[in-house]
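Visitor: Below you'll find the structure I mean.
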Amino acid sequence: MKPTCQQPSGEFKTRDLYLAVVLKSSGIPIARLESSGPRAVFVFKETAQLDEISTKFFNRELRIEPRSLFDEWRSLKSMAFVATGNVR
(Lines of atoms letter the chains of each structure in order from A and count residues from 1; the text may use other names and numbers.)
(Lines give C-alpha, C1' and ligand atoms only; values in the text may rest on other atoms or scores of the structure.)
Protein backbone atom coordinates (compact mmCIF):
# COMPACT_ATOMS: atom_id res chain seq x y z
CA MET A 1 0.00 0.00 0.00
CA LYS A 2 1.35 3.39 -0.97
CA PRO A 3 1.64 5.92 1.89
CA THR A 4 0.31 8.66 -0.34
CA CYS A 5 -2.87 10.55 -0.95
CA GLN A 6 -4.04 12.28 -4.10
CA GLN A 7 -6.14 15.38 -3.57
CA PRO A 8 -8.87 16.69 -5.89
CA SER A 9 -7.27 20.14 -5.74
CA GLY A 10 -4.39 19.20 -8.03
CA GLU A 11 -2.11 18.35 -5.14
CA PHE A 12 -0.37 15.15 -4.11
CA LYS A 13 0.43 14.52 -0.43
CA THR A 14 2.79 12.01 1.11
CA ARG A 15 4.37 11.34 4.49
CA ASP A 16 6.98 9.11 2.86
CA LEU A 17 10.28 11.02 3.00
CA TYR A 18 11.90 8.73 0.43
CA LEU A 19 9.09 9.19 -2.10
CA ALA A 20 9.19 12.95 -1.49
CA VAL A 21 12.94 12.98 -2.14
CA VAL A 22 12.49 11.03 -5.38
CA LEU A 23 9.70 13.32 -6.59
CA LYS A 24 11.69 16.47 -5.78
CA SER A 25 14.84 15.03 -7.40
CA SER A 26 12.78 14.25 -10.50
CA GLY A 27 11.68 17.87 -10.87
CA ILE A 28 8.18 17.67 -9.34
CA PRO A 29 7.57 21.04 -7.64
CA ILE A 30 6.87 20.99 -3.91
CA ALA A 31 3.97 23.27 -2.99
CA ARG A 32 4.40 23.29 0.79
CA LEU A 33 5.10 21.23 3.87
CA GLU A 34 2.38 20.54 6.44
CA SER A 35 2.74 19.34 10.00
CA SER A 36 0.69 16.34 11.09
CA GLY A 37 1.59 15.84 14.71
CA PRO A 38 5.12 14.49 14.94
CA ARG A 39 5.31 13.84 11.19
CA ALA A 40 5.59 16.09 8.17
CA VAL A 41 3.35 15.88 5.11
CA PHE A 42 4.97 16.83 1.81
CA VAL A 43 2.56 18.49 -0.62
CA PHE A 44 3.48 18.45 -4.31
CA LYS A 45 1.82 20.03 -7.30
CA GLU A 46 0.11 17.38 -9.41
CA THR A 47 1.92 16.90 -12.72
CA ALA A 48 1.63 14.51 -15.65
CA GLN A 49 4.88 12.77 -14.64
CA LEU A 50 3.98 12.25 -10.97
CA ASP A 51 2.12 8.94 -11.36
CA GLU A 52 4.80 7.49 -13.63
CA ILE A 53 7.62 8.47 -11.26
CA SER A 54 5.72 7.15 -8.24
CA THR A 55 4.99 3.83 -9.96
CA LYS A 56 8.60 3.39 -11.06
CA PHE A 57 9.76 4.21 -7.51
CA PHE A 58 7.56 1.54 -5.91
CA ASN A 59 8.46 -1.00 -8.62
CA ARG A 60 12.19 -0.29 -8.15
CA GLU A 61 12.55 0.75 -11.78
CA LEU A 62 13.53 4.38 -11.27
CA ARG A 63 17.04 5.65 -11.97
CA ILE A 64 18.19 8.95 -10.43
CA GLU A 65 21.57 10.65 -10.23
CA PRO A 66 22.80 9.79 -6.70
CA ARG A 67 24.24 13.19 -5.76
CA SER A 68 20.94 14.91 -6.56
CA LEU A 69 19.08 12.31 -4.51
CA PHE A 70 21.28 12.79 -1.42
CA ASP A 71 21.17 16.60 -1.68
CA GLU A 72 17.36 16.57 -1.80
CA TRP A 73 17.20 14.05 1.05
CA ARG A 74 19.22 16.35 3.32
CA SER A 75 17.14 19.35 2.33
CA LEU A 76 13.71 17.73 2.79
CA LYS A 77 14.74 16.06 6.05
CA SER A 78 15.74 19.45 7.45
CA MET A 79 12.48 20.97 6.25
CA ALA A 80 10.53 18.15 7.95
CA PHE A 81 12.31 18.70 11.27
CA VAL A 82 11.53 22.42 11.16
CA ALA A 83 7.87 21.86 10.17
CA THR A 84 7.28 19.45 13.05
CA GLY A 85 9.20 21.49 15.61
CA ASN A 86 11.62 18.61 16.03
CA VAL A 87 14.74 20.70 15.43
CA ARG A 88 17.88 19.20 16.89
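Here the sequence shown is numbered in our numbering, starting from 1088 and rising by one per residue. All residues carry an ideal CB built from backbone N, CA and C; glycine is no exception.
1. Among 1127, 1097, 1117, 1132, which has the Cα closest to the Cα of residue 1103?
2. If you follow the beta strand (DSSP E) that residue 1101 is part of, which residue opens it and which one closes it?
3. From what residue to what residue does the alpha helix (DSSP H) around residue 1120 run?
4. Sort out for me which residues DSSP pairs residue 1161 with in a bridge.
5. With distances taken Cα to Cα, identify the nearest neighbour of residue 1108 among 1140, 1125, 1124, 1121.
6. Three-state secondary structure (DSSP) at residue 1154?
Guide: According to the data block:
1. Along the sequence shown, one-based indexing puts residue 1103 at 16. Of the listed residues, the one whose Cα sits closest to residue 1103 is 1127.
2. Residue mapping note: residue 1101 aligns to position 14 of the sequence shown, counting from 1. Residue 1101 -> beta strand (DSSP E) spans 1098 to 1101.
3. On the sequence shown, residue 1120 is found 33 positions in, with the first residue counted as 1. Careful: residue 1120 lies outside any alpha helix (DSSP H), inside the beta strand (DSSP E) at 1117 to 1123.
4. The residue labelled residue 1161 in the question sits at position 74 within the sequence shown. DSSP, once it has assigned bridges, lists no residue as partnering residue 1161.
5. On the sequence shown, residue 1108 is found 21 positions in, with the first residue counted as 1. The option with the nearest alpha carbon to residue 1108 is 1140.
6. For the purposes of this step, residue 1154 is identified with residue 67 of the sequence shown, where counting begins at 1. Helix, per DSSP.
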